[in-house]
Amino acid sequence: MNKLGRNEPCPCGSNLKYKRCCMEKDQTQAREQAAKANQAAKAAAAVPVTVEGMNKWISELSWKRPEDQEAAELLVTRMDGEYEPNVIVRAVWVWHCYADETNISAAIKPESYCAAVEYLMSEAHDVPVTQKAVAAKYGVSPTTLSKRNKELTEFFSERAANGVQPNDERVPVMA
Numbered sequence: 362m363n364k365l366g367r368n369e370p371c372p373c374g375s376n377l378k379y380k381r382c383c384m385e386k387d388q389t390q391a392r393e394q395a396a397k398a399n400q401a402a403k404a405a406a407a408v409p410v411t412v413e414g415m416n417k418w419i420s421e422l423s424w425k426r427p428e429d430q431e432a433a434e435l436l437v438t439r440m441d442g443e444y445e446p447n448v449i450v451r452a453v454w455v456w457h458c459y460a461d462e463t464n465i466s467a468a469i470k471p472e473s474y475c476a477a478v479e480y481l482m483s484e485a486h487d488v489p490v491t492q493k494a495v496a497a498k499y500g501v502s503p504t505t506l507s508k509r510n511k512e513l514t515e516f517f518s519e520r521a522a523n524g525v526q527p528n529d530e531r532v533p534v535m536a
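Below you can see the structure in the form of structure tokens.
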């Protein structure tokens with residue numbers, strides 16, 4: 362997750378500085394992705410908050426891997442009925458940010474990340490639940506859930522420390 366400095370050699374191998382080679386292209390691509398996410402968030406705000414509506418919103422988001430989208434859909438299915446819709450939407454957004462900005466090994470069960478995201482949301486919204494209960498719900502061990510929860514917490518702490526602010530327009534507010 363190290364950010365490429367503008368004066369570092371370009372990763373494309375051109376032997377030019379990043380700022381003179383691919384920086385503008387990368388920034389344009391990031392702006393386009395943000396615009397797509399904004400459109401998807403606005404579309405989601407118009408859709409009733411149901412499992413189907415959330416899955417429609419999930420399908421409109423840009424995902425690096427299909428497995429990440431499937432994990433988001435699993436989150437919605439497992440959290441439905443136990444959490445308020447706005448908490449589920451936030452959980453999906455947390456997962457989307459993490460999955461989009463990190464390289465997740467295909468060898469790791471997506472259920473372990475789903476369990477960690479749900480546990481993170483339960484802590485943030487004061488929902489009384491144990492790691493053991495959430496781990497059992499997703500078929501993972503409490504130790505694995507704890508490890509993934511630590512990864513997520515460190516990731517978002519690092520983002521906060523670096524001043525990365527979420528763009529509120531990209532996250533739909535569900536009343």
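Under this note's numbering, think of the first position of the sequence shown as 362, with each following residue one higher.
Backbone N, C-alpha and C define an ideal beta-carbon position, used for all residues, glycine too.
Item	Value
According to DSSP, simplified to helix, strand and coil, what is Pro489?	coil
Using DSSP with H/G/I as helix, E/B as strand and the rest coil, what is Pro471?	helix
Verify whether the separation of the beta carbon atoms of Ala433 and Val448 is less than 7 Å.	no
Sorted by chain position, which residues of the same chain lie with C-beta nearer than 6 Å to Ala365's C-beta, five sequence neighbours on each side aside?	The residue asked about is misnamed: residue 365 is Leu in this sequence, not Ala. Cβ within range, chain order: Tyr379.
Nearest to His486 by CA position, among Cys382, Tyr444, Ala396 and Cys383, is which residue?	Tyr444
Closest to Val501 by C-alpha separation, out of Ser507, Thr389, Ser473 and Ala460, would be which residue?	Ser473
Please state the DSSP three-state secondary structure of Lys425.	coil
Could you tell me which residues DSSP puts in a beta bridge with Pro370?	Lys378
Is the segment 513-520 close to the segment 488-498, with three or more CB pairs under 8 Å?	no
So the alpha helix (DSSP H) Asp461 belongs to, where does it begin and stop?	Pro446 to Glu462
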